[in-house]
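Written below as structure tokens is the structure these notes are about.
There are 2 protein chains.
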Amino acid sequence: MIDQTKLPNNLIFVKCTKHVEVANAIKKLVIRGAPAICVAGAYGLSLAALESKATTVNELIHDLENAQKTLFETRPTAVNLSWGLEKVMNSAKTCCTINDIKKSVIRTANKLANDDVATNMAIGKYGSELLDDNEIVMTHCNAGALATVSYGTALGVIRSAKDLGKKVKVIATETRPIQQGSRLTAFELKHDGIEVDVIPDTAAGYVMGNKLINKVIVGADRILSTGHVFNKIGTYQLAILAKYHEIPFYVAAPLSTFDLNNKPDDIIIEQRNANEVTSIGNQKTAPDDIGVINPAFDITPPYLISGIITEKGIIIQPYDASIKKLFD
Amino acid sequence: MIDQTKLPNNLIFVKCTKHVEVANAIKKLVIRGAPAICVAGAYGLSLAALESKATTVNELIHDLENAQKTLFETRPTAVNLSWGLEKVMNSAKTCCTINDIKKSVIRTANKLANDDVATNMAIGKYGSELLDDNEIVMTHCNAGALATVSYGTALGVIRSAKDLGKKVKVIATETRPIQQGSRLTAFELKHDGIEVDVIPDTAAGYVMGNKLINKVIVGADRILSTGHVFNKIGTYQLAILAKYHEIPFYVAAPLSTFDLNNKPDDIIIEQRNANEVTSIGNQKTAPDDIGVINPAFDITPPYLISGIITEKGIIIQPYDASIKKLFD
């Protein structure tokens, strides 16, 4: 995997040979993005299967369950991770021999990886119909190739529109505190020759008020059956600002992002380390021992969302009905 | 003056002996904050008067006018600077001898410095009446002691409430790209023993939505007769977010911040250097040669502002009428 903490300065690939290394990579944001960590988690279980010294099926399943727990706890909010781990575990549990389990786990991980690309292409295709020629799209964080196996969700829409011959420009919010916008989104769009401007997160309202964008498209870490979207901190306020300026606000995410079992209050928002806010690299940007509020995610309510772009099409309000239909 | 670019890591004082040094200090944000650069500009003219080799009154006035231009062009948006420079120039122009001009220029600069402290105390006194015991106030950028001669405008309100025995806590937005919130506001509040939490700018909506604050109070760089407020980039979106969450949004600023002559479209918003957004210190946070939009200020329209706290009291909507009355 690409070490995303080293971007945009260094393009470094990391090889994991143990599931604990995958778990640490997810925890330290070496790899991030809900669909990407779903597939990373699945390959983490594959490594756990290969690592296991189990001599019975039950022992192997037990080892895999322990690895599943280790991998899941790295990023509890992104539902794709637990969805992918569950898929792999289910494939393992249908097998009768150790050898079959190991093969099945790897086969399922490979399938999840391949499916992710196809899913993103489909999301891109549906989403691209929303974009007119010469439009400018604001995006937040990174819902691109780096957040998936490739192509991306929100940025897949941009790529797909470009592939259709439309001229599309992106305005990427920096996305403090981890700066996935300036570090990752700007990096991968520039790499693909798509025009992109970076703005500080403080300039989103200015950009909208000055009519510099036509649409907002973001990814998602978890979408509830009510249409509440958990995504990178700052998404919620962008949705409010978009509503205020009458700019359409879209979420692009695969079905694996949907959590049909929980309500908004059931989900605990990860609070991340204070030093993400008080420093950047070795550069200290706040006094010592200062209080910090650093939530990883926020919740955007359904009435702020113009549509959710999935691999099965674009759904709109009322989301409880349209999401139910999506899974029928 | 304190070198604010070195905070919070190093408290370093800079001594300027030439007006060009003052101009450079303002341009490089060694000193920033509308009221602070007003007084710095006035002392810059004092240095210019002392530097001048003029042998006639006309020559000296000419030298001072050149220095005024140099100082003014450092930060064209903050109206206090041009207001202060004008005050000093007017005092110079009433004098008949070189010696009198030099004395008058220095006397006026001293008076502006002393007046600023008294003004901030008055703003603080009026503003403190808005705060109840145990309230939590969000502020943006730094409208504190570091932005003025001392005490501050928005933070003067906090200090005044504390002096009245009220327990007040502050949530400071980081304020990218220059991070005046985490670097300066957190620094000076911690220094004064006032509780403060820093948040990334992306968490403002989260904090409001979770009812973690009671009020927003910010400073201003320029207020028009219509009540349009020019302030640090990000102020506009905080005002929209506050309105959406029904949280009162106040601006604290002295009368010297008011510009009764211009309309919103007359004012050009400074676009600052791209590297403020693409790096922090030596740490690069975006790919090379990426497009950047980096406006220094934005404009908050009057209908988003619950009140403007001045040294003559708190004014409310309709601002065209209440501002007119303020200057009667």
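Quick mapping for you: the protein sequence lines, in order, are chains U and Y.
So for the first sequence, numbering that gives the first Met the number 0 puts the first residue at 0; every next one is plus one.
So for the second sequence, numbering that gives the first Met the number 0 puts the first residue at 0; every next one is plus one.
Every residue gets a Cβ at the ideal spot worked out from N, C-alpha and C, and that includes glycine.
Model, not experiment: these values are computed from the prediction.
(Q) Please state the DSSP three-state secondary structure of Y/Asn141. (A) Numbered from 1 along the second sequence, position 142 holds the residue referred to as residue 141 of chain Y. Note: Y/Asn141 maps to coil in three-state DSSP.
Q.
Measuring straight from C-alpha to C-alpha, what distance separates U/Ala238 and U/Leu303?
A. Residue 238 of chain U sits at position 239 when you count from the first residue of the first sequence. Residue 303 of chain U sits at position 304 when you count from the first residue of the first sequence. Those two C-alpha atoms are separated by around 6 Å.
Q.
Can you pull the chain U neighbours of Y/Gly208, defined as C-beta to C-beta under 7 Å?
A. Taking the second sequence and counting its residues from 1, the one referred to as residue 208 of chain Y is at position 209. The answer, in chain order, is Tyr235.
(Q) Looking at chain Y, is there any beta carbon in it that lies within less than 9 Å of the beta carbon of U/Glu173? (A) Numbered from its first residue, the first sequence carries residue 173 of chain U at position 174. Answer yes: the Cβ-Cβ gap between U/Glu173 and chain Y drops below 9 Å somewhere.
Q. For U/Thr368 and chain Y, any beta-carbon pair shorter than 9 Å?
A. The shown model of chain U, from 0 to 327, leaves out residue 368 of chain U, and the question about it has no answer.
Q: From the DSSP output, read off the bridge partner residues of Y/Phe186.
A: Translated into the one-based positions of the second sequence, residue 186 of chain Y becomes position 187. According to DSSP, which records beta bridges pairwise, Y/Phe186 is partnered with nothing at all.
Q.
Just verifying my parser: in three-state terms, what is the DSSP assignment at U/Gly306?
A. Counting from one through the first sequence, the residue named residue 306 of chain U turns up at place 307. In this structure, U/Gly306 counts as strand in the three-state DSSP scheme.
Q.
Using a Cβ-Cβ cutoff of 7 Å, what residues of the region 239 to 259 of chain Y are near chain U? List them in chain order.
A. Ile239, Leu240, Tyr243
Q.
Quick check on U/Arg31 - is its C-beta less than 9 Å from some C-beta in chain Y?
A. Within the first sequence, numbered from 1, the residue matching residue 31 of chain U stands at position 32. Cβ-Cβ to chain Y under 9 Å: no for U/Arg31.
Q) Which full runs of the beta strand (DSSP E) of 3+ residues lie inside the region 7 to 90 of chain U, going along the chain? A) Complete beta strand (DSSP E) runs here, min 3: none at all.
Q) Tell me, which residues are paired with Y/Gly126 by DSSP? A) Position 127 of the second sequence, counting from 1, holds the residue named residue 126 of chain Y. DSSP output for Y/Gly126 lists no bridge partner at all.
Q.
At the level of alpha carbons, what is the spacing between Y/Val167 and Y/Thr69?
A. The residue you call residue 167 of chain Y lines up with position 168 of the second sequence. The residue you call residue 69 of chain Y lines up with position 70 of the second sequence. Going by the C-alpha atoms only, they are around 41 Å apart.
Q. Does the beta carbon of Y/Gln67 sit closer than 9 Å to a beta carbon anywhere in chain U?
A. Position 68 of the second sequence, counted from the first residue, corresponds to residue 67 of chain Y. Answer no: the Cβ-Cβ gap between Y/Gln67 and chain U never drops below 9 Å.
Q: Using the Cα positions of U/Met139 and U/Tyr249, report the straight-line distance between them to the nearest angstrom.
A: Numbered from 1 along the first sequence, position 140 holds the residue referred to as residue 139 of chain U. Numbered from 1 along the first sequence, position 250 holds the residue referred to as residue 249 of chain U. One point to set straight first is that residue 139 of chain U is His, not Met, in the sequence displayed. If you take the alpha carbons of U/His139 and U/Tyr249, they lie about 11 Å apart.
Q. Start and end of the alpha helix (DSSP H) containing U/Gly208?
A. Taking the first residue of the first sequence as position 1, residue 208 of chain U is located at position 209. From DSSP, the alpha helix (DSSP H) with U/Gly208 extends over 203 to 208.
Q | For U/Gly312, the three-state DSSP class (helix, strand or coil) | A | Your numbering for residue 312 of chain U matches position 313 in the first sequence. Strand at U/Gly312.
Q. How long is the line joining the alpha carbons of U/Ala146 and U/Pro199, rounded to whole angstroms?
A. On the first sequence, position 147 is the one that residue 146 of chain U refers to. On the first sequence, position 200 is the one that residue 199 of chain U refers to. If I take the Cα positions, the gap works out to 21 Å.
Q: Could you tell me whether the Cβ atoms of Y/Pro301 and Y/Ile122 are closer together than 9 Å?
A: As a working mapping, residue 301 of chain Y is identified with position 302 in the second sequence. As a working mapping, residue 122 of chain Y is identified with position 123 in the second sequence. Contact: no.
Q: Give the secondary structure of U/Lys5 by DSSP, where H, G and I count as helix, E and B as strand, and everything else as coil.
A: Position 6 of the first sequence, counted from the first residue, corresponds to residue 5 of chain U. The answer is helix: DSSP assigns U/Lys5 an H, G or I state.
Q. How would you list, in chain order, the residues of chain Y whose beta-carbon sits under 8 Å from the beta-carbon of U/Asn293?
A. Here the question's residue 293 of chain U lines up with position 294 in the first sequence. By Cβ distance, chain Y contributes Ile198, Pro199, Ala202.
Q.
Less than 6 Å between C-beta atoms, sequence neighbours within five positions excluded: which residues of the same chain meet that for U/Tyr42?
A. Position 43 of the first sequence, counted from the first residue, corresponds to residue 42 of chain U. Result list for U/Tyr42: Ala108, in chain order.
Q: Starting from the beta carbon of U/Arg221, find every residue of chain Y whose beta carbon is closer than 8 Å, and list them in chain order.
A: Here residue 221 of chain U corresponds to residue number 222 of the first sequence, with the count starting at 1. Ordered by position in chain Y, no residue passes the 8 Å Cβ test against U/Arg221, which lies about 15 Å from the chain.
Q. Hey, which unbroken runs of the alpha helix (DSSP H) at 4 residues or more fall wholly within the region 252 to 288 of chain Y?
A. The qualifying runs are 274 to 277.
Q: Note down, in chain order, each residue of its chain lying with its Cβ closer than 8 Å to the Cβ of Y/Gln316, except the 5 sequence neighbours on either side.
A: Against the second sequence, residue 316 of chain Y aligns to sequence position 317. Answer for Y/Gln316: Gly226, Pro301, Tyr302, Ile304, listed in chain order.
Q) Does the distance from the C-beta atom of Y/Gly151 to that of Y/Ala142 stay below 9 Å? A) Residue mapping note: residue 151 of chain Y aligns to position 152 of the second sequence, counting from 1. Residue mapping note: residue 142 of chain Y aligns to position 143 of the second sequence, counting from 1. Yes, these two residues count as a Cβ contact at 9 Å.
(Q) Let me check understanding here. Comparing Cα to Cα, which of Y/Phe296, Y/Asp258, Y/Ile170, Y/Ser255 lies closest to Y/Gln270? (A) Indexing the second sequence from 1 puts residue 270 of chain Y at position 271. For Y/Gln270, the nearest C-alpha among the options comes from Y/Phe296.
**Q.** Contact with chain Y by U/Ala320, beta-carbon distance below 9 Å
**A.** Taking the first residue of the first sequence as 1, we reach residue 320 of chain U at position 321. Closer than 9 Å: no.
Q) Along the chain, where does the beta strand (DSSP E) that runs through U/Arg175 open and close? A) Position 176 of the first sequence, counted from the start, is the residue given in the question as residue 175 of chain U. Element bounds for U/Arg175: n/a, residue is neither H nor E.
Q) Any idea which residues DSSP pairs U/Pro294 with across the strands? A) Numbered from its first residue, the first sequence carries residue 294 of chain U at position 295. Beta-bridge pairing links U/Pro294 to U/Gln270.
**Q.** Nearest to U/Pro286 (by Cα), restricted to the options Y/Thr96, Y/Arg158, Y/Ala219, Y/Val197
**A.** Locating residue 286 of chain U in the first sequence gives position 287, counting from the first residue. Of Y/Thr96, Y/Arg158, Y/Ala219, Y/Val197, the residue nearest in Cα terms is Y/Val197.
Q) With a cut-off of 9 Å, does the C-beta of U/Arg158 fall near any C-beta of chain Y? A) The count along the first sequence starts at 1 and reaches residue 158 of chain U at position 159. No - not a single Cβ of chain Y is within 9 Å of the one on U/Arg158.
(Q) Quick check on Y/Ile11 - is its C-beta less than 9 Å from some C-beta in chain U? (A) The residue labelled residue 11 of chain Y in the question sits at position 12 within the second sequence. Y/Ile11 does not count as touching chain U.
(Q) Give me the residue from Y/Gly126, Y/Glu128, Y/Ala35, Y/Val116 with the minimum Cα distance to Y/Leu84. (A) In the second sequence, residue 84 of chain Y corresponds to position 85, counting from 1. Measuring from the Cα of Y/Leu84, the nearest candidate turns out to be Y/Ala35.
Q. Quick one: what's Y/Glu134 bridged to in DSSP?
A. Translated into positions along the second sequence, residue 134 of chain Y becomes position 135. Looking at the DSSP assignment, Y/Glu134 forms a beta bridge with Y/Val167.
Q) Whose C-alpha, out of U/Leu325, U/Thr172, U/Asn23, is nearest the C-alpha of U/Leu223? A) The residue given as residue 223 of chain U occupies position 224 in the first sequence. Nearest C-alpha to U/Leu223: U/Leu325.
Q) Where does the unbroken beta strand (DSSP E) through U/Ile322 begin, and where does it stop? A) By 1-based counting over the first sequence, the position of residue 322 of chain U is 323. Not the beta strand (DSSP E): U/Ile322 falls in the alpha helix (DSSP H), residues 318 to 325.
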